[in-house]
Structure formats: structure tokens, C-alpha cells
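Those sequence lines, one after another, are chains W and L.
Under the working numbering, the residue at position 93 of the first sequence is numbered 93, and the numbers go up by one with no gaps.
Under the working numbering, the residue at position 277 of the second sequence is numbered 473, and the numbers go up by one with no gaps.
In what follows, a structure is listed as C-alpha cells, so that the remarks can point back to it.
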Amino acid sequence: MEENSEKDHPQVTMLDPFKIWKELYFSTEEVLTSTMRNYVTTDEFANGIDVILNSYLQYLKLQNEFTNRYMEDSPFSSKRDVARVAELVVSLENKVDGLEGELEEKLEELETQIIFITEEIGARPESVTKENLGEALTPSVAALKDLSKRVANLEKLLKKVDINLSAIYKQVKAETKINTPAAKAQKPKPLSGLAE
Amino acid sequence: MADDIFISKDSEFQIGESLAQTSQDWMQATARWLEVLVYDHKPATGLSPKELLWRKNKSKLYHYQANTTRKYRTPILFIYALINKSYVLDLAPGFSMVEHLVKEGFDVYLLDWGDFAWEDRELTYADFVLDYIAPSVKRVARNAKSPDVSIIGYCMGGTMTTMYAALFDKPVLKNLVYLAAPLDFTNAGIYDVWLRAQGYDPDRIADTMELIPKGFIDWGTRMLNPLANYVGTYTRLWKTIEEDKPIYFWKVLNKWATDNINFPGATYRDWIRDFYQNNKLVKNQIILRGRRVQLQRIKSNLLALVGLRDHIALPHQTEAALTYLGGNDKTYLEFPVGHGGLVLGEIARDKVFPEIASWLAERSDPWLDEDK
């Protein structure tokens with residue numbers, strides 16, 4: 001019975017105040033946004049904002065000057081002092097970074113050179129065969145053999161000189177024992193070994 | 197749409213019930229919204245496995261570890277801007293350009309600038325290009341055992357990459373990819389109005405602030421679209437919660453968007469004066485430690501990607517690379533996105549990442565067994 005009466009009853013329609021408000025607000029915002037955008041592009045706005053900016057800069061300059069003067073005599077470190085230390089650290093870091101960069105470049109160059117040399121050698125394998133190497137080294141080997149002979153002869157000569165010097169030493173020693181004090185004034189005889 | 201604003205029920209009582217339910221849902225959505233803004237932890241980002249290859253001052257050069265087989269010998273180095281954090285390139289699994297390229301078989305590296313502090317206030321572009329980017333590229337080539345490299349420069353990172361590419365011949369810069377990188381500053385959109393205004397003096401700003409605070413840079417970026425950035429971001433979150441959609445991506449994006457870094461004052465001065473105000477790059481008038489940056493010297497293959505709705509680096513600012521750079525192989529692609537859309541979101545994942553990967557694959561040397 002109730003269901004039938006509900007069906008017969010027409011639907012009630014009214015304006016939704018929430019939706020109206022939402023629609024109205026967002027469409028107004030859109031229009032206002034556009035209007036504001038147009039306004040900020042005008043010279044009047046730019047000039048007006050510059051007046052405010054310049055007044056602020058004037059105030060800021062005065063404030064900075066006063067603060068700097070105060071901080072100069074203050075026992076506390078100012079942000080300028082801290083910045084000075086930070087600048088030193090940054091410059092030190094730059095130096096280390098520069099060195100690191102240079103080192104890396106040198107290592108890279110070295111690596112490139114090694115690769116180049118290896119490739120050069122690799123490209124010409126016949127130049128380092130045993131025969132070619134022997135041929136290339138023959139003059140050096142001959143010179144080495146000659147040098148070796150000369151050194152051997154020199155050793156023989158040195159041995160002879162050593163023997164002679166030993167003989168002279170013995171002779172001098174023997175003569176020193178035989179000599180009397182009266183004979184000291186006499187002229188010494190020439191050494192037989194040296195004459196030889 | 198008009199039908200959506202009506203509520204139809206069988207009786208007034210049911211309408212009352214429905215309105216009460218909506219009211220309760222809104223209360224809950226608002227409570228959750230506040231919870232997300234105030235208490236929720238920030239999601240983890242930059243999750244691709246990586247090792248530290250080199251560090252200098254606060255900057256770090258990362259090498260990403262691949263689980264897949266390496267296919268290409270030519271490595272990829274990401275150079276990011278000096279604003280915001282570079283983890284936008286590796287934001288979240290499934291939405292990471294780094295992850296995509298690693299999976300495609302590339303050897304990937306990223307130069308992360310770190311957080312600049314007071315002692316870095318005098319760093320200039322000459323320092324960044326000659327002392328940070330150049331050694332990084334050398335190290336990347338050496339580590340990858342490759343005579344050449346590819347560089348992907350995002351936003352200001354692309355501008356800095358251009359200066360590097362014009363000055364250094366070795367290692368060979370084989371491929372250069374620009375992601376919304378401004379080169380020609382003839383017409384820089386809103387920035388043109390702001391930065392060329394009579395009262396705007398970059399020297400005064402740099403001299404007074406010395407280290408430009410992150411809030412100042414953030415303010416400058418947000419003011420490009422103030423209502424959307426200061427209000428719209430948060431109302432969008434409320435709407436997402438109310439409609440019961442996932443909020444993970446909003447949280448990740450918001451974390452990155454609010455995670456800014458300080459800007460060295462000397463670099464800021466150069467950025468505004470030499471690039472925005474005097475457009476010196478395309479005039480070949482940039483001189484870094486006595487070395488002139490000449491764009492025609494850059495012979496790399498070029499891929500320039502732009503977002504058509506980008507209001508930070510306008511499309512024609514990047515497109516200028518096709519005119520000024522000296523190579524023969526030049527590709528220019530446009531996508532219907534904003535500045536961040538080239539690395540964030542579904543278009544980036546489905547179109548931009550695969551496009552970069554296939555372009556680089558065609559122009560990178562293969563990784564052979566004898567290279568190992």
C-alpha cells in the first residue's frame with residue numbers, strides 16, 4: 001500500500017546549495033586568476049612592486065651595515081666569519097680535486113700509451129722473432145766479448161803488478177833490518193824490482 | 197552541468213537527509229584538507245637507486261644504477277637549473293624521467309647543485325660552467341667509457357649547458373636536449389615587464405642581499421600567476437579530497453614546488469643583467485674567464501622541447517636554438533603543457549619521456565660486449 005503511494009508521489013527537486021557554492025567558487029576563482037595574471041603583467045604593477053622592493057632593500061642595507069659593525073667588535077663569530085672558514089675549506093677541496101683530476105688524466109694518458117705500445121708490438125709480431133732479435137744484438141754481443149777479453153788481460157796485468165809490489169815490500173823490509181845506524185847516512189841503492 | 201546543481205529525491209525528508217550527508221562529507225573533507233596541510237608527512241622523492249660519483253662544494257654528481265641491461269654507450273647527463281631541487285627529474289616511481297631512461301637502457305647521470313649557502317654568494321656562471329659542469333662531463337665520459345656524451349638541460353640548466361657546449365670540444369657533446377631552456381631573451385613575457393622596469397636594479401639587489409634568499413626567488417616565480425599559486429593550489433587540494441581522488445601526486449608536487457634553494461647573488465646579477473636585460477647569449481657577448489661563448493660552435497644534434505602554456509620559458513625562447521646553434525640535426529617539439537609539465541604528469545610520462553628516449557636511442561652509440 002505504502003509502495004504504491006510512493007510511486008504515485010512525484011519526485012521533489014531543489015537546488016543543491018553545496019554544489020552551487022562549489023561551482024560558483026571555482027568558476028569565480030578561474031576568472032579572478034585570469035584577472036590577477038593580467039594585472040601582474042602591467043607596468044603599474046611592476047613599478048609599484050619596485051617601490052616596495054627598493055624600500056625594503058634600503059632597510060636591509062641599513063640593517064646589514066649596523067649588524068656588520070656590531071659583529072666586528074663582538075666576541076662571537078658572525079656568519080661572515082663562518083663563511084670565510086667555509087670558503088677556505090671549499091678552496092682546499094678545489095685544490096685536492098684539481099690534483100685528483102690531474103692524476104686521473106695522467107693515469108689515463110699512461111694507460112692510453114701502454115695500450116698504444118702493446119697494440120704497436122702486437123701489430124708487428126715478426127719484428128720480435130728470435131732470429132731478428134739475435135741479428136739486432138750481434139754487434140752488442142761482439143762488443144761485450146771484446147770487453148770481456150780486455151778485462152781478463154787487465155786482471156793478469158794487475159796480478160803481475162801485485163806480485164812485484166809484494167816482492168818490493170819484502171825487499172824493503174829486509175833492508176831496513178840489515179841497515180846499521182852508521183849506514184843510515186848512506187844513499188840507498190836503487191830498487192832492483194822497479195828497474196825490471 | 198546545470199543538472200548537477202539540482203538535487204532530486206522522493207520526499208523533502210530525503211532531500212534533508214542528503215543535504216545533511218553532504219554537509220558531513222564537506223566537514224570531513226575540510227578536516228582532512230587541514231590535516232594534509234599541517235600534519236601529513238612529505239612523500240619520499242628521488243627514489244631511483246644511485247651512487248655518488250663525484251662531489252664538489254655542495255654539488256653532487258650522481259650515477260643511476262640500472263637493473264636493466266645497458267644498451268647505449270653514450271651516457272646521459274642531466275643539468276638542472278639553480279632554482280628548486282633537481283629531484284623533479286626523478287620525482288616518484290612511474291613519474292620519473294630518470295627512471296624511464298634508465299629502463300630504456302641508458303647510462304644516466306645527474307648533477308645536483310645542492311643548497312647554496314652564504315659562502316657561495318660570489319659564485320658566477322663562469323664558476324658553474326668551468327669548474328662544475330666541465331669536470332662533471334669529463335667524469336661522466338670516463339665512467340661510462342665513452343668518448344661522447346648526451347646532455348639534457350632543463351630550464352636554466354639548458355642555458356648553462358649551452359655555455360659549456362660552446363666552450364668545450366672534449367668529451368664530444370653528441371646530443372643536446374633542451375627542456376624549456378631559454379636562450380633568446382628578446383621577449384621573455386611577464387619577466388620582460390618586471391625585469392626591464394625602470395626601478396628594477398639587479399646590482400642593488402645582489403649587493404644588498406648578497407645571497408638571494410630562497411623566499412625571494414619563490415615569490416618571483418609564484419607571482420607570475422599569484423592567485424593560482426597562493427590560493428588555487430590549496431583549493432584544488434580540497435576539491436581533490438572532496439571528490440575522493442588520490443592526493444599523492446598533489447603532495448609530491450607541492451613538496452617540490454615549495455622546496456626552493458638560495459641563489460648566489462653574483463649569478464643572480466649576471467642572470468638578470470646579461471640574459472634578461474641585455475640578451476647577451478644569442479649575441480655571442482657572454483664571456484666566461486676571457487673565453488667568448490659562440491653559439492655557432494655547437495655542432496651537437498639538437499632536440500628542443502617546449503610547453504605551449506609555459507610562462508616561465510616561453511616556447512620561442514627555446515626555439516631560438518634552431519637558429520643560433522651550429523649543428524645540422526635539429527628537432528623541435530611542442531607539448532600542450534606548462535613549464536613543469538615537460539617532466540611532471542601524465543603527458544610527460546606518456547609522451548615526453550618516450551619521445552626523448554627514442555630520439556636519443558637513434559643518436560647514441562650502442563653498448564657492445566667488448567666495451568665492458
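Don't be surprised by glycine CBs; every beta carbon is placed ideally from N, CA and C.
Which of helix, strand or coil DSSP assigns to residue i
i: A483(L); result: In the sequence on display, residue 483(L) carries Ile and not Ala. It is a strand residue.
i: A322(L); result: helix
i: G349(L); result: strand
i: G523(L); result: coil
i: S620(L); result: Nothing in the structure corresponds to residue 620(L), since chain L is present only between 197 and 568.
i: E247(L); result: strand
i: L540(L); result: coil
i: F549(L); result: helix
i: G534(L); result: coil
i: N153(W); result: helix
i: Y276(L); result: coil
i: A174(W); result: helix
i: Y360(L); result: helix
i: P343(L); result: coil
i: G212(L); result: helix
i: S560(L); result: coil
i: P367(L); result: coil
i: S183(L); result: Limits of chain L in this structure are 197 at one end and 568 at the other, which puts residue 183(L) out of reach.
i: S408(L); result: Per the sequence shown, the amino acid found at residue 408(L) is Ile instead of Ser. Strand.
i: D221(L); result: helix
i: N497(L); result: strand
i: T13(W); result: strand
i: P511(L); result: helix
i: G354(L); result: helix
i: D506(L); result: coil
i: L287(L); result: coil
i: Y169(W); result: helix
Same chain, Cβ closer than 8 Å to residue i, neighbours up to 5 away in sequence not counted
i: A462(L); result: R317, E318, L319, T320 and A402
i: N68(W); result: S78 and R80
i: P331(L); result: W250 and K252
i: Q490(L); result: A362 and N480
i: E120(W); result: none
i: V325(L); result: M356, M359, Y360, L363 and L484
i: L92(W); result: none
Exposure label - residue i; buried when at least 16 CB within 10 Å
i: K341(L); result: exposed
i: P139(W); result: exposed
i: G537(L); result: buried
i: A544(L); result: buried
i: V336(L); result: buried
i: T118(W); result: exposed
i: W390(L); result: buried
i: T454(L); result: exposed
i: M14(W); result: exposed
i: M223(L); result: exposed
i: R465(L); result: buried
i: S34(W); result: exposed
i: I20(W); result: exposed
6 Å Cβ shell around residue i - same chain, five flanking residues per side excluded
i: D414(L); result: N456
i: I508(L); result: H535
i: V12(W); result: none
i: S219(L); result: none
i: H296(L); result: F549
i: S255(L); result: W309, G310 and Y328
i: L529(L); result: L501
Residues that residue i contacts on chain C, provided the C-beta gap is smaller than 8 Å
i: A393(L); result: Absence of chain C from the displayed structure is noted, the protein chains being W and L.
Spatial neighbours of residue i in its chain, beta-carbon cut-off 7 Å, leaving aside the 5 residues before and after
i: G134(W); result: none
i: K205(L); result: I211 and S214
i: E208(L); result: none
i: A277(L); result: Y350, C351, M352 and G353
i: P190(W); result: With a pLDDT of 47 at P190(W), under the threshold of 50, the modelled position of this residue cannot be trusted, and the question is left open.
Heavy atom of the ligand ADP within 7 Å of residue i beta-carbon
i: P460(L); result: Questions concerning the ligand ADP fall outside what the structure shown contains, since it holds no ligand whatsoever.
query: Is there contact between the stretch 380-396 of chain L and the stretch 474-493 of chain L, where contact requires at least three CB pairs shorter than 8 Å?
result: yes
Secondary structure, alpha helix (DSSP H): runs of 4+ residues fully inside the stretch 415-451 of chain L: 429-438
field: alpha helix (DSSP H) runs contained entirely in the stretch 35-111 of chain W, provided each spans 4 or more residues
entry: 43-73
Validate contact between the stretch 233-247 of chain L and the stretch 271-289 of chain L using beta carbons, cut 8 Å, 3 pairs: yes
query: Contact between the stretch 348-362 of chain L and the stretch 396-411 of chain L: three or more CB pairs below 8 Å?
result: no
- request: Taking only runs that begin and end inside the stretch 370-397 of chain L, name each unbroken beta strand (DSSP E) of 3 or more residues, in chain order.
  value: none
- prompt: Counting pairs of Cβ atoms below 8 Å between the stretch 433-453 of chain L and the stretch 226-233 of chain L, do you hit three or more?
  reply: yes
message: Closer than 8 Å is the cut-off here; do at least three beta carbon pairs connect the stretch 403-423 of chain L with the stretch 303-317 of chain L?
response: At 8 Å Cβ cutoff, the stretches touch.
- request: Please list the segments of the alpha helix (DSSP H) lying wholly inside the stretch 289-338 of chain L, counting only runs of 4 or more residues, in order along the chain.
  value: 293-299
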